[in-house]
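*Asks:* Sequence lines, in order, name chains X and P.
Under my numbering, the first residue of the first sequence carries the number 5, and numbering increases by one thereafter.
Under my numbering, the first residue of the second sequence carries the number 568, and numbering increases by one thereafter.
All residues carry an ideal CB built from backbone N, CA and C; glycine is no exception.
Given the structure is predicted, the values throughout are model-derived calculations rather than measurements.
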Amino acid sequence: MKQFATSPLFERVERARRRKPKIKDTHITLAHGSGGKAMHELIEGLFLEYLRNPLLEKLEDQAVFEIASNHARPRLAFTTDSYVVDPIFFPGGDIGSLAVHGTVNDLAMSGARPLYLSAGFIIEEGFPIADLKRILSSMREAALEAGVEVVTGDTKVVQRGSADKLFINTAGIGVIEHAGHISASRAEAGDKVILSGAIGDHGTTIMIARGELELETEIESDTAPLNSLVREMLDEADSIAGVRAIHCLRDPTRGGVATTLNEIALASEVCIQIYEDSIPVRREVRGACEILGLDPLYVANEGKLIAIVADEIAQPMVMRMKENVNGRDTCIIGEVKIEPPGIVAMQTGFGGARIVDMLVGEQLPRIC
Amino acid sequence: MKFIDEYRRSDLAHTLAEKIAAMTDKRLKIMEVCGGHTHAIFKYGIEDLLPLNIEMIHGPGCPVCVIPLGRVDDAISIALQTDVIFTTFGDAMRVPGSKTSLLDAKAAGADVRMVYSPLDALRIAKKNPDRHTVFLALGFETTAPSTAMTVLQADKEGVENFSVFCNHITIVPALKAMLDSPDLKLDGFLGPGHVSTVIGLRPYQFVARDYGKPVAVSGFEPLDVLQSVYMVVKQIVEGRAEIENQYGRAVSPDGNRKALEVLFEVFEPRDFFEWRGLGSIAHSGMKLRGKYARFDAELKFSIPGLRVADPKACQCGEILKGVKKPWECKVFGTACTPETPIGSCMVSSEGACAAYYNFGRLSKVAERHGAQAGV
Chain X
5 MKQFATSPLF
15 ERVERARRRK
25 PKIKDTHITL
35 AHGSGGKAMH
45 ELIEGLFLEY
55 LRNPLLEKLE
65 DQAVFEIASN
75 HARPRLAFTT
85 DSYVVDPIFF
95 PGGDIGSLAV
105 HGTVNDLAMS
115 GARPLYLSAG
125 FIIEEGFPIA
135 DLKRILSSMR
145 EAALEAGVEV
155 VTGDTKVVQR
165 GSADKLFINT
175 AGIGVIEHAG
185 HISASRAEAG
195 DKVILSGAIG
205 DHGTTIMIAR
215 GELELETEIE
225 SDTAPLNSLV
235 REMLDEADSI
245 AGVRAIHCLR
255 DPTRGGVATT
265 LNEIALASEV
275 CIQIYEDSIP
285 VRREVRGACE
295 ILGLDPLYVA
305 NEGKLIAIVA
315 DEIAQPMVMR
325 MKENVNGRDT
335 CIIGEVKIEP
345 PGIVAMQTGF
355 GGARIVDMLV
365 GEQLPRIC
Chain P
568 MKFIDEYRRS
578 DLAHTLAEKI
588 AAMTDKRLKI
598 MEVCGGHTHA
608 IFKYGIEDLL
618 PLNIEMIHGP
628 GCPVCVIPLG
638 RVDDAISIAL
648 QTDVIFTTFG
658 DAMRVPGSKT
668 SLLDAKAAGA
678 DVRMVYSPLD
688 ALRIAKKNPD
698 RHTVFLALGF
708 ETTAPSTAMT
718 VLQADKEGVE
728 NFSVFCNHIT
738 IVPALKAMLD
748 SPDLKLDGFL
758 GPGHVSTVIG
768 LRPYQFVARD
778 YGKPVAVSGF
788 EPLDVLQSVY
798 MVVKQIVEGR
808 AEIENQYGRA
818 VSPDGNRKAL
828 EVLFEVFEPR
838 DFFEWRGLGS
848 IAHSGMKLRG
858 KYARFDAELK
868 FSIPGLRVAD
878 PKACQCGEIL
888 KGVKKPWECK
898 VFGTACTPET
908 PIGSCMVSSE
918 GACAAYYNFG
928 RLSKVAERHG
938 AQAGV
C-alpha cells in the first residue's frame, strides 16, 4: 500500500480537529443523534461535562467495573440503549429484536457474557395491541437466541403525538469471564482490522422500508446477536496468544464502519489504513447506496463487528469467525499504522488514496 | 455492480494515467466545471494518478455552493411562516444563511422536510391540503426540468397549495464569467455531463470558438473523468480547440429536446442573478414565467430579499473561481469545517472545500500543492 503522508499544511486542520469538543448550538438538531461528529460534541461537550466520572469518560459502548465481594472480584459490564427505529417493522427484524440485539452486542463488545436485560416501553396512545404482541414475541425469540432474560421492565403510555408509536429502552448487564482488556484505546501499530461481514445492510433496509423511495429490493437488516461470535473469538485468541491479543471490539452501528474506525483511531492515537476493495458490500446495498448517494462506509449495521487484533492471531481468527453463522463473510480490511495518528485512510479501488473522516450531519435519521 | 464497476477499473486507470503523462511535460490547468466531478476526483483519489504537471482547478458547478447568503435567508423566512411545509434536497438543509440554516429553522419548529424529487414535494402538498408546501428549487439545467415538470403537473391537477422558491441557474453564463476573469489562466475544461444531457454540446461552442480552449464533456465515474482529462490534454498537445463528448452514452449533441421545451415553457431568464462569491451574472438565473406566477413562492410570500455580504474571513468566491485553493483560505479546517461551515463550499459534498477536507487532506496532491504554495 502506498505510504500516506501528511503535509504541514494540514497540521492546523488536525489541531482544530482535536480541539476539545464544545457545543455551540442553541438547539438540538437531528445531526446530534446521527452518530457522527455533532453527536460526539453533544456527548463530550455536554453530557460528559455534567456527569463526568472515570467510567463514563472512557466513552466505550459499555461501562466495565469490578464488584468487590468476599471471595472474588468479578468484573461486570453495564450498558443501555434506546430504540426509536422508524418503521418499527422492517425486513429482517423489528424494533423488538433490535432492542435485544443492540444491547446484547454492546455488552459483547467488552467480551462480556450478557446475562440480564431491562426493557422500558414508551407507547403512544392508540398503538395496536396486536403489533405489541408481535414485537414482544420477537423480543422473546431474540432473547432466547442470545441466552439472556428480560428481568425487569417499565411501561409508560403517552398522549397521541407525544411519541411516535413505540420507543423501547433496554439496559443490560453481563459478566466478564476473561482476563483480557478490550478497549477502543488499545489498537497498536501492526494490528490487523477484521470485519465480520458485508456492511450497510441495516441502514439501507430501513431507508427503503420507509417506502418514500419506491425502491424494491431483497435487502434485509443484518440485526443479530454477536455474543456467540465474540465468545468463539475469545476462545480462539486464548488458544493462540491469550485473550489480550484482541485489542478492540466495536459494532459499527450508527455512523457505520467509518465512524467506528475513526473513534478507534482517535482513542488509540494510531492511523488505521483500510483497502476499499476488501470491504464486502452486498450488490443490492451498493446499488441502493449508489442511487441514494450514500456511502456504505457510513451506513449503519446491527449484526457486524470490527475487531482489531494482534497480527499473529489475525489469520486463524478470521478462519474461526467464518465458522460462526454471524461471521461467514469475515475478512481483513486493513491494518494499524503509527502515522498519521487519529486518521483513517483508505486505498481506493481505483488506485488513489483518501481520508475517511467521521460522518458529519445526519445521513439517515431514526435507523435504530 | 454491472455498468458501474467497468468505469472504476484501476488497471485501465493506470494505463490511461501513463498515456496522459507521456503526452506532455507542460504545466496545464484544467477546470472541472461541475461539482460532481470534483466529488469524484476526491472520492476516488484521481489526482493521485495524474502527473504533477497537470493541475485540476475546481469550478463553480456546485449549485449549493453558489447560492448566496441572502437567498438562504429568504428560504428560511418562508420556512418559518405558519402553515408552511418547506421541502428541499438534503444538502441544502445545512447551508448557512447569514445567521441560521434550514436545519436550525427545523429545530426551532419549522416544518422542513427532505425530498428526493420535486414531485415528492407536490405529493406532500396534495396530502396536506390545509397547508402550503414550498419546494426550494436548486441546481442547473440538470434539476430544472424536473422542477418544470412538477409545476406543469401542479397546473394540470389544479394544486393551489404548492409553490416553488426558484433558484435554478444556468451554467453557460458562469462559464463565460470564468473565461473573462483576469485571474485565471485555464488551458481547458471538463464540461458538465449531467447538464449536457439536457442542453447538448452546442452551448459550449463559444469556449472553443471565441476563447480557443478545448472542452471535453465528461461522465462522473472515475474513468470518465480520467479519459476526459486525456482528451483535453490531447487537444492541447495537438493544438486543437473543440467541444468533444466523452459522455456519449448519456449526452447527445442536441441535448434533450423534450426537457428543453419544458424548461422554456415554464422558465424565463432573470436579468441578473447573484452567485455566491462570483457576484451578479447576467441571464444566469431562471424564474417562473408569468403564466405560472401562482406557483412562484417569491410572489406568494413577502421575503426579505436582501443582499448579504459574505463573511469577511470566507473566501468562497476565490475558491469557486479556482483562483485560490481551499487551504489558502484562513478559516479552512479551523473555524470552517463541514460540521460548522462558514462558507457554502464546505457544505455540499460537491464543494471544493468539503471535498478537500473530507477526502483530500492526506493525498500526495496536498503535498504537491503544498510545495507550490510554498508552505
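Helix, strand or coil, according to DSSP, for Asn-173 of chain X in the structure here?
*Replies:* As a first step, residue 173 of chain X must be located in the first sequence, where it is residue number 169. Here Asn-173 of chain X sits in strand by DSSP.
*Asks:* Using a Cβ cut-off of 9 Å, pull out every chain P residue sitting near Ile-92 of chain X, in sequence order please.
*Replies:* Translated into positions along the first sequence, residue 92 of chain X becomes position 88. The contacting residues do not exist; Ile-92 of chain X stays about 21 Å from chain P at best.
*Asks:* Which same chain residues, not among the five before or five after Ile-283 of chain X, have their C-beta less than 6 Å away from its C-beta?
*Replies:* Your numbering for residue 283 of chain X matches position 279 in the first sequence. Contacts found: Ile-337.
*Asks:* What separation, rounded to the nearest whole angstrom, lies between the Cα atoms of Asp-205 of chain X and Lys-673 of chain P?
*Replies:* Numbered from its first residue, the first sequence carries residue 205 of chain X at position 201. Numbered from its first residue, the second sequence carries residue 673 of chain P at position 106. When rounded, the distance between both Cα atoms is 29 Å.
*Asks:* With DSSP collapsed to three states, give me the class of Tyr-771 of chain P.
*Replies:* For the purposes of this step, residue 771 of chain P is identified with residue 204 of the second sequence, where counting begins at 1. Helix.
*Asks:* In chain X, which residues lie less than 9 Å from Glu-885 of chain P when you measure between Cβ atoms?
*Replies:* Position 318 of the second sequence, counted from the start, is the residue given in the question as residue 885 of chain P. The premise fails here: Glu-885 of chain P is roughly 17 Å from chain X at the closest Cβ pair, so nothing lies under 9 Å.
*Asks:* Kindly indicate if chain P contains any beta-carbon less than 8 Å away from that of Thr-208 of chain X.
*Replies:* Here the question's residue 208 of chain X lines up with position 204 in the first sequence. Judged by the 8 Å Cβ criterion, Thr-208 of chain X is not in contact with chain P.
*Asks:* Specify the secondary structure class of Gly-758 of chain P as computed by DSSP and reduced to three states.
*Replies:* For the purposes of this step, residue 758 of chain P is identified with residue 191 of the second sequence, where counting begins at 1. Three-state DSSP puts Gly-758 of chain P in a strand.
*Asks:* What is the rounded straight-line gap between the Cα of Val-313 of chain X and the Cα of Arg-769 of chain P?
*Replies:* Here residue 313 of chain X is taken as the residue at index 309 of the first sequence, counted from 1. Here residue 769 of chain P is taken as the residue at index 202 of the second sequence, counted from 1. In a straight line, the C-alpha of Val-313 of chain X is about 58 Å away from that of Arg-769 of chain P.
*Asks:* Keeping to the same chain, check which residues put their C-beta closer than 7 Å to that of Val-804 of chain P; ignore five residues upstream and five downstream.
*Replies:* Position 237 of the second sequence, counted from the first residue, corresponds to residue 804 of chain P. Result list for Val-804 of chain P: Met-590 and Thr-591, in chain order.
*Asks:* Measuring only the C-alpha atoms, how far is Val-932 of chain P from Tyr-611 of chain P?
*Replies:* As a first step, residue 932 of chain P must be located in the second sequence, where it is residue number 365. As a first step, residue 611 of chain P must be located in the second sequence, where it is residue number 44. Low per-residue confidence applies at Val-932 of chain P: pLDDT is 48, beneath 50, and the placement is therefore not dependable, though the value from the model is reported in the following sentence. About 13 Å.
*Asks:* What residue ranges within the segment 568-628 of chain P form continuous alpha helix (DSSP H) runs of no fewer than 4 residues, ordered along the chain?
*Replies:* Whole alpha helix (DSSP H) segments, 4+ residues: 577-590 and 602-610.
*Asks:* Starting from the beta carbon of Arg-16 of chain X, find every residue of chain P whose beta carbon is closer than 7 Å, and list them in chain order.
*Replies:* Walking along the first sequence from the start, residue 16 of chain X turns up at place 12. Gly-900 and Thr-901, listed in chain order.
*Asks:* Closer than 7 Å, Cβ to any Cβ of chain P: which residues of the segment 106-125 of chain X, in chain order?
*Replies:* So nothing in the stretch comes that close.
*Asks:* Return the chain-ordered list of same chain residues with a C-beta closer than 6 Å to the C-beta of Tyr-923 of chain P, the five sequence neighbours on each side being excluded.
*Replies:* By one-based count along the second sequence, residue 923 of chain P stands at place 356. So the qualifying residues of the chain are Pro-893.
*Asks:* DSSP state of Gly-852 of chain P, grouped into three classes?
*Replies:* Counting from 1 along the second sequence, the entry for residue 852 of chain P is found at position 285. In this structure, Gly-852 of chain P counts as strand in the three-state DSSP scheme.
*Asks:* Name the DSSP beta bridge partners of His-699 of chain P, please?
*Replies:* Sequence index remark: in the second sequence, residue 699 of chain P carries index 132 (1-based). For His-699 of chain P, which the question treats as bridged, DSSP gives the partners P:Val-651.
*Asks:* In angstroms with no decimal places, state the Cα-to-Cα distance between Gln-351 of chain X and Ile-359 of chain X.
*Replies:* Sequence index remark: in the first sequence, residue 351 of chain X carries index 347 (1-based). Sequence index remark: in the first sequence, residue 359 of chain X carries index 355 (1-based). Roughly 9 Å between the two C-alpha positions.
*Asks:* Can you list the residues of chain X that Lys-610 of chain P reaches, using a CB-CB cut of under 8 Å?
*Replies:* Numbered from 1 along the second sequence, position 43 holds the residue referred to as residue 610 of chain P. Thr-352 and Arg-358, listed in chain order.
*Asks:* May I ask which residues mark the beginning and end of the beta strand (DSSP E) holding Asp-85 of chain X?
*Replies:* Within the first sequence, residue 85 of chain X is the residue found at index 81, counting from 1. Asp-85 of chain X -> beta strand (DSSP E) spans 79-87.
*Asks:* Pair every Cβ in the segment 873-880 of chain P with every Cβ in the segment 614-634 of chain P, then say whether three or more of these pairs are closer than 8 Å.
*Replies:* Because the criterion of three Cβ pairs below 8 Å is not met, the segment 873-880 of chain P and the segment 614-634 of chain P do not touch.
*Asks:* Of all Cβ atoms in chain X, is any one closer than 8 Å to the Cβ of Arg-575 of chain P?
*Replies:* Your numbering for residue 575 of chain P matches position 8 in the second sequence. True, the Cβ-Cβ gap to chain X drops below 8 Å.
*Asks:* Kindly indicate if chain P contains any beta-carbon less than 8 Å away from that of Thr-264 of chain X.
*Replies:* As a first step, residue 264 of chain X is located in the first sequence; it is residue number 260 there, counting from the start. Not an interface residue.
*Asks:* Taking Leu-946 of chain P as the query, report the chain X residues whose CB atoms sit under 7 Å from its CB, ordered along the chain.
*Replies:* Summary: the structure shown does not reach residue 946 of chain P, with chain P confined to residues 568 through 942, and so no result is reported for it.
*Asks:* How is the alpha helix (DSSP H) around Thr-156 of chain X delimited, first residue to last?
*Replies:* As a first step, residue 156 of chain X must be located in the first sequence, where it is residue number 152. Not the alpha helix (DSSP H): Thr-156 of chain X falls in the beta strand (DSSP E), residues 153-162.
*Asks:* Give me the Cα-Cα distance between Phe-702 of chain P and Asp-299 of chain X, rounded to the nearest whole angstrom.
*Replies:* Locating residue 702 of chain P in the second sequence gives position 135, counting from the first residue. Locating residue 299 of chain X in the first sequence gives position 295, counting from the first residue. Roughly 26 Å between the two C-alpha positions.
*Asks:* Between the beta-carbon of Val-718 of chain P and the beta-carbon of Val-739 of chain P, is there less than 8 Å?
*Replies:* Position 151 of the second sequence, counted from the first residue, corresponds to residue 718 of chain P. Position 172 of the second sequence, counted from the first residue, corresponds to residue 739 of chain P. Cβ atoms of Val-718 of chain P and Val-739 of chain P: not closer than 8 Å.
*Asks:* Can you name the residues of chain X whose CB is closer than 7 Å to the CB of Ala-674 of chain P?
*Replies:* Indexing the second sequence from 1 puts residue 674 of chain P at position 107. By Cβ distance, chain X contributes His-31, Ile-32 and Thr-33.
*Asks:* Using a Cβ-Cβ cutoff of less than 7 Å, which residues in the same chain neighbour Leu-119 of chain X once the five nearest sequence positions on both sides are dropped?
*Replies:* Mapped onto the first sequence, residue 119 of chain X falls at position 115. So the qualifying residues of the chain are Val-152, Ile-177, Gly-178 and Val-179.
*Asks:* Just confirm the distance between the C-beta atoms of Leu-830 of chain P and Val-633 of chain P, as a whole number of angstroms; I'd bet it's less than 8 Å.
*Replies:* For the purposes of this step, residue 830 of chain P is identified with residue 263 of the second sequence, where counting begins at 1. For the purposes of this step, residue 633 of chain P is identified with residue 66 of the second sequence, where counting begins at 1. Wrong, their Cβ atoms sit about 19 Å apart, outside the cutoff.
*Asks:* Beta-carbon within less than 6 Å of Gly-937 of chain P's beta-carbon, same chain only, minus the 5 sequence neighbours each way: which residues are those?
*Replies:* Sequence index remark: in the second sequence, residue 937 of chain P carries index 370 (1-based). Bear in mind that the predicted position of Gly-937 of chain P carries a pLDDT of just 48, short of 50, making it too unreliable to give a figure here.
*Asks:* May I ask you to list, following chain order, the residues of the segment 37-52 of chain X that have a beta carbon less than 9 Å from some beta carbon of chain P?
*Replies:* For the segment 37-52 of chain X, which is checked against every Cβ of chain P, the residues closer than 9 Å are Gly-40, Lys-41, Ala-42 and Glu-45.
*Asks:* Would you mind reading off the limits of the beta strand (DSSP E) that contains His-185 of chain X?
*Replies:* Position 181 of the first sequence, counted from the first residue, corresponds to residue 185 of chain X. Careful: His-185 of chain X lies outside any beta strand (DSSP E) and carries neither H nor E.
*Asks:* In chain P, which residues lie with their C-beta within 7 Å of the C-beta of Val-364 of chain X?
*Replies:* Working through the first sequence from its first residue, we reach residue 364 of chain X at position 360. What Val-364 of chain X touches in chain P: Pro-905 and Glu-906.
*Asks:* List, in order along the chain, the chain P residues whose C-beta lies closer than 7 Å to that of Asp-361 of chain X?
*Replies:* As a first step, residue 361 of chain X is located in the first sequence; it is residue number 357 there, counting from the start. The answer, in chain order, is Asn-925.
*Asks:* Taking 8 Å as the CB-CB limit, is His-699 of chain P close to chain X?
*Replies:* Within the second sequence, numbered from 1, the residue matching residue 699 of chain P stands at position 132. Taking Cβ atoms only, chain X never reaches closer than 8 Å to His-699 of chain P, which makes this a no.
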